[in-house]
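Colleague: Dropping a structure here in C-alpha cells format, bear with me for questions.
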Ligand code: BES
Ligand code: MN
Ligand code: ZN
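Numbering (the numbering used here), first residue to last: 20 to 522.
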C-alpha cells in the first residue's frame, strides 16, 4: 500500500472517498475543517448525528455521497467512540475499519482526514503513524494459496493522509514510514504463521530470514544440525529426532559490531508443526499447530522493523526451528537428554517441546552477553485458560516486564505477569535427571517459564512471554483477520523504540 501525506484543505482534496473519524457527542459542534466540511455538505453530517443514524460508536461506519458538493466523492464517517478514551490503538482500529470499508466498496484509493496537531495528547505524528499502521494491518489477507477468486476484494492500493492543520508535512511523512515498516513487518510474521507446515518448514523460515537480512542489512547466521551437535544443543536436537526436516537455528543481528550499544536478545520458539511427538496430541484442531512457530515469526518480524527503523541498539534475534513429529527415531517419554547448559532433562512429555528448544537457544544467547533477553513462545495451553484473548503471560525480571507492559498498552498487545516463586521448582524435580520437562497440570504456564529460567545465562535479566492462542486465532479483530496475528512484533518494536527513554 502506497501511503502519502497531503496538506490539501477539505475543499480542495479530490478523492473517491474521504474518511473522517468522529467522536460520540450529544451535540455535535464542529470547528475548523470539520465545520467547513459540514457546511459544504449542507449540514448533513450534523443531521445524521442528530438523527442518531450515526452515533460514532467505535468502528461504526456510514457512507455519505457528496453529489458534487466537494471534490471528494464520498465521505466515510468512522466512529472513534468517546473522545476521552481515544488511544493510538483506537486510531489504528478506525483506520483499519476505513480501509476495509473502502475495499468493500470496491475502491482502490482512500484519503483519511487527520485533524488537530495535539488532539487529546496524541500528536499528529503519532496519529499519522497509527493511521498508516492500522490501514495496512486491517487490509491484510492471506491469499497466496488460493487459485480461485473467492469474492474478497483486493486491499486499497493508495492511502492519502490529508493533514491541513499539521505543523510539518515532512514530519507526517516520516511517521507514515514508521507505521508502514511496522505493519509490513507484522504482515511478514503473519504470512509465516499462516503458511502450513508443509510449506513453512525450518528451511523455508531460514530462507525467509535470509531474505529479511538481504533487504535490511541485518547480519544472518544459520546453525545446522552438525553445528548444534558439536556445540551440545541436545535438547533442541532431541525434539528434531522424529521429523525429516533438519533442525536449524537462525541468528539475525542488528548493529552486530556495535559493542558500545545496549544489547538485547530476542528468542522465538520455532516449532513449524507440533504433533506432540510420541506424546501425541488429539487430532481435533491439531491443524492449528502450524502456528507453533509464532514466537519465531514475531522475532523475525521485529528484527526486520528494528533494522529498517535503524534503532540505536544492538539487537540479536534467535529462532530455534524444528518440527515435533512422532516416529521410530523420535524421543521417548522417559528419555534423558543433556542440554547445552550441561543440565540433564528427563523428557516426561514430548509435547513439552517448546521449552526444550528454547532452553538451548537461551543458553546460546549468552554468547552475545546481552543486557536483556526476551523469549516469546506459543508455550502452554494453560496460558489460554488463565488469560484468554486479552493478555499474554509474562514471567521474569520486573523491570523488563514494566517495559513490556508500557509498550503493550500502546500497541494493544497487553501482557500480564505470573510469578516464578522458587517453590514452583518442586514440580520440576526428577528422580533420574537434573529436572523434568513438565510439572503437571497445576500452574502449567508458570512451570513452563520456570523450566526456561534454569537455562538463562547467569546474571542476565530475562522475561518469558507466553503467546499460546494469541499468535494464531479463530477470532478476527478490527485490524487482524482470523489466522496469524503477528502478536509480539509491534510489542517488541515499541519496547525497543522506547528503550533508552526508559532507562
Ligand atoms: N504448542 C503447545 C502449546 C499450545 C497450545 C500453543 C494451544 C497454542 C495453542 C505446546 O508445545 C504444548 O503442547 N504444551 C503443552 C505443555 C504440557 C505438555 C506441559 C500443553 O499446553 O498442554
Ligand atoms: Mn507441544
Ligand atoms: Zn508446541
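Think of the CB as a built atom: it goes at the ideal place given N, C-alpha and C, for glycine as much as any other residue.
#1: Smallest Cα separation from residue 398: which of 90, 468, 184 and 170?
#2: Determine the burial state of residue 404: buried for a count of at least 16 other Cβ atoms within 10 Å of its Cβ, exposed for fewer.
#3: Output the residues surrounding ligand 3, defined as those with a CB atom closer than 5 Å to any ligand heavy atom, in chain order.
#4: Counting along the chain, where does the alpha helix (DSSP H) carrying residue 120 start and finish?
#5: Kindly confirm or deny that the segment 219-238 and the segment 312-330 touch, where touching means at least three C-beta pairs closer than 8 Å.
#6: Please report how far the alpha carbon of residue 501 lies from the alpha carbon of residue 451, in whole angstroms.
#7: If we ignore side chains and look at the alpha-carbon of each, how far apart do residue 228 and residue 323 end up?
#8: Does the segment 197-209 come into contact with the segment 256-268, if we say contact requires no fewer than three beta-carbon pairs (one atom in each stretch) closer than 8 Å?
#9: Going by the DSSP bridge assignment, what does residue 128 pair with across the sheet?
#10: Determine the direct distance from the alpha carbon of residue 63 to that of residue 48, and round the result to whole angstroms.
#11: Quick one, which of 98, 233 and 226 has its alpha-carbon nearest residue 76's?
#12: To which residues does DSSP link residue 268 through a beta bridge?
#13: Considering only residues of the same chain and omitting the five flanking positions on each side of residue 33, which have a CB-CB separation below 6 Å?
#14: Return yes when the Cβ of residue 259 is within less than 8 Å of the Cβ of residue 294, no when it is not.
#15: Specify, as a first and last residue, the run of the beta strand (DSSP E) that residue 221 falls within.
#16: Put residue 409 into one of helix, strand or coil per three-state DSSP.
#17: Could you name the residues of the same chain whose beta carbon sits closer than 6 Å to that of residue 262, not counting the 5 residues immediately before and after it, in chain order?
#18: Under 7 Å: does the beta carbon of residue 212 sit that close to some heavy atom of ligand 1?
#19: If you follow the beta strand (DSSP E) that residue 93 is part of, which residue opens it and which one closes it?
#20: Measuring only the C-alpha atoms, how far is residue 85 from residue 133?
#21: Which residues mark the beginning and the end of the alpha helix (DSSP H) in which residue 383 is found?
#22: Can you give the beta carbon distance from residue 105 to residue 96, rounded, assuming they're within the 8 Å contact cut?
#23: If I'm right that residue 325 touches residue 419 with Cβ under 8 Å, what's the distance once you round it to whole angstroms?
#24: Could you check which residue in 280, 515, 165 and 330 has the C-alpha nearest to that of residue 421?
#25: Report the rounded CA-to-CA distance for residue 9 versus residue 127, giving the unit in angstroms.
#26: Can you list, in chain order, the residues of its chain with a C-beta nearer than 7 Å to that of residue 401? Leave out the 5 residues immediately preceding and following it.
#27: Give me, in chain order, the residues of the same chain whose beta-carbon lies closer than 7 Å to that of residue 327; leave out the 5 immediate sequence neighbours on both sides.
#28: Going by beta carbon distance, what residues of the same chain come within less than 6 Å of residue 176, once the five residues before and after it are set aside?
#29: With the cut-off set at 8 Å, would you say residue 333 and residue 301 are in Cβ contact?
#30: Can you list, in chain order, the residues of its chain whose CB lies under 6 Å from that of residue 330, leaving out five sequence neighbours each side?
#31: Determine the closest residue to residue 44 out of 68, 55, 53 and 51, with distance taken between C-alpha atoms.
#32: Based on DSSP bridge pairs, tell me the residues matched to residue 42.
#33: Can you have a look at residue 120 and say buried or exposed, based on whether 16 or more other CB atoms are within 10 angstroms of its CB?
#34: Taking DSSP as the reference, what is the three-state secondary structure of residue 319?
#35: Per the DSSP calculation, residue 284 is bridged to which residue(s)?
#36: What do you reckon, are the CB atoms on residue 457 and residue 367 nearer than 8 Å?
Modeller: Let me lay it out:
#1: Residue mapping note: residue 398 aligns to position 379 of the chain shown, counting from 1. The candidate whose alpha carbon is nearest that of residue 398 is 468.
#2: Start at 1 with the first residue of the chain shown, and residue 404 comes out as number 385. The residue is exposed, with fewer than 16 neighbouring Cβ atoms inside 10 Å.
#3: 290, 293, 311 and 373
#4: As a working mapping, residue 120 is identified with position 101 in the chain shown. Here the alpha helix (DSSP H) through residue 120 covers 107-123.
#5: These segments touch.
#6: Position 482 of the chain shown holds residue 501. Position 432 of the chain shown holds residue 451. The straight-line gap from Cα to Cα measures roughly 44 Å.
#7: The residue labelled residue 228 in the question sits at position 209 within the chain shown. The residue labelled residue 323 in the question sits at position 304 within the chain shown. Each residue's Cα considered, the two are about 9 Å apart.
#8: no
#9: On the chain shown, residue 128 is found 109 positions in, with the first residue counted as 1. Bridge partners of residue 128: 177.
#10: In the chain shown, residue 48 corresponds to position 29, counting from 1. In the chain shown, residue 63 corresponds to position 44, counting from 1. Approximately 13 Å between the Cα atoms of the pair.
#11: Here the question's residue 76 lines up with position 57 in the chain shown. That would be 98, whose Cα lies nearest to the Cα of residue 76.
#12: Position 249 of the chain shown, counting from 1, holds the residue named residue 268. Residue 268 is bridged to 242 and 339.
#13: Position 14 of the chain shown, counted from the start, is the residue given in the question as residue 33. In its chain, beyond the 5 residues on either side, 90 have a beta carbon closer than 6 Å to the beta carbon of residue 33.
#14: Mapped onto the chain shown, residue 294 falls at position 275. Mapped onto the chain shown, residue 259 falls at position 240. Here residue 294 is not near residue 259, since their CB atoms are 8 Å or more apart.
#15: Against the chain shown, residue 221 aligns to sequence position 202. Looking at the DSSP string, residue 221 is not in any beta strand (DSSP E); the run it does join, the alpha helix (DSSP H), is 221-235.
#16: Stepping through the chain shown from its first residue, residue 409 is reached at position 390. DSSP places residue 409 in coil when its eight states are reduced to three.
#17: Here residue 262 corresponds to residue number 243 of the chain shown, with the count starting at 1. Within the same chain, and ignoring the five residues on either side of residue 262 in sequence, the residues whose Cβ sits closer than 6 Å to its Cβ are 342 and 344.
#18: Within the chain shown, the letter at position 193 stands for residue 212. Because no heavy atom of ligand 1 lies under 7 Å away, the Cβ of residue 212 does not count as near it: no.
#19: Residue numbering aside, residue 93 sits at position 74 when the chain shown is read from its first letter. First-last of the beta strand (DSSP E) with residue 93: 93-98.
#20: Position 66 of the chain shown, counted from the first residue, corresponds to residue 85. Position 114 of the chain shown, counted from the first residue, corresponds to residue 133. Looking at the two C-alpha atoms, the distance is approximately 19 Å.
#21: As a working mapping, residue 383 is identified with position 364 in the chain shown. Its alpha helix (DSSP H) spans residues 373-384.
#22: By one-based count along the chain shown, residue 105 stands at place 86. By one-based count along the chain shown, residue 96 stands at place 77. Between residue 96 and residue 105 the Cβ distance is about 16 Å, and since that is not below 8 Å, they are no contact.
#23: Locating residue 325 in the chain shown gives position 306, where the first residue counts as 1. Locating residue 419 in the chain shown gives position 400, where the first residue counts as 1. Between residue 419 and residue 325 the Cβ distance is about 17 Å, and since that is not below 8 Å, they are no contact.
#24: To locate residue 421, count along the chain shown from 1; it is residue 402. Of the candidates 280, 515, 165 and 330, the one whose C-alpha sits nearest the C-alpha of residue 421 is 515.
#25: As shown, the chain starts at 20 and ends at 522. That puts residue 9 outside it, with no answer to give.
#26: Taking the chain shown and counting its residues from 1, the one referred to as residue 401 is at position 382. Excluding sequence neighbours, residue 401 sits near 463 and 464.
#27: Along the chain shown, one-based indexing puts residue 327 at 308. Excluding residues within five positions, the ones whose Cβ falls inside 7 Å are 200 and 235.
#28: One-based indexing of the chain shown puts residue 176 at position 157. Answer for residue 176: 127, listed in chain order.
#29: Residue mapping note: residue 333 aligns to position 314 of the chain shown, counting from 1. Residue mapping note: residue 301 aligns to position 282 of the chain shown, counting from 1. No, Cβ-Cβ distance for residue 333 and residue 301 is not below 8 Å.
#30: The residue given as residue 330 occupies position 311 in the chain shown. If we look at residue 330 and ignore the five residues flanking it on each side, its Cβ neighbours are 515.
#31: The residue you call residue 44 lines up with position 25 of the chain shown. Of the candidates 68, 55, 53 and 51, the one whose C-alpha sits nearest the C-alpha of residue 44 is 68.
#32: Counting from 1 along the chain shown, the entry for residue 42 is found at position 23. The partner list for residue 42 (beta bridge, DSSP) is empty, contrary to what the question assumes.
#33: Here residue 120 refers to the residue found at position 101 of the chain shown. Residue 120 is buried by the Cβ-count criterion.
#34: Reading the chain shown from its first residue, position 300 is the one you call residue 319. Helix, per DSSP.
#35: Here residue 284 is taken as the residue at index 265 of the chain shown, counted from 1. Its beta-bridge partners are 335 and 392.
#36: As a first step, residue 457 must be located in the chain shown, where it is residue number 438. As a first step, residue 367 must be located in the chain shown, where it is residue number 348. Yes, they are a contact pair.
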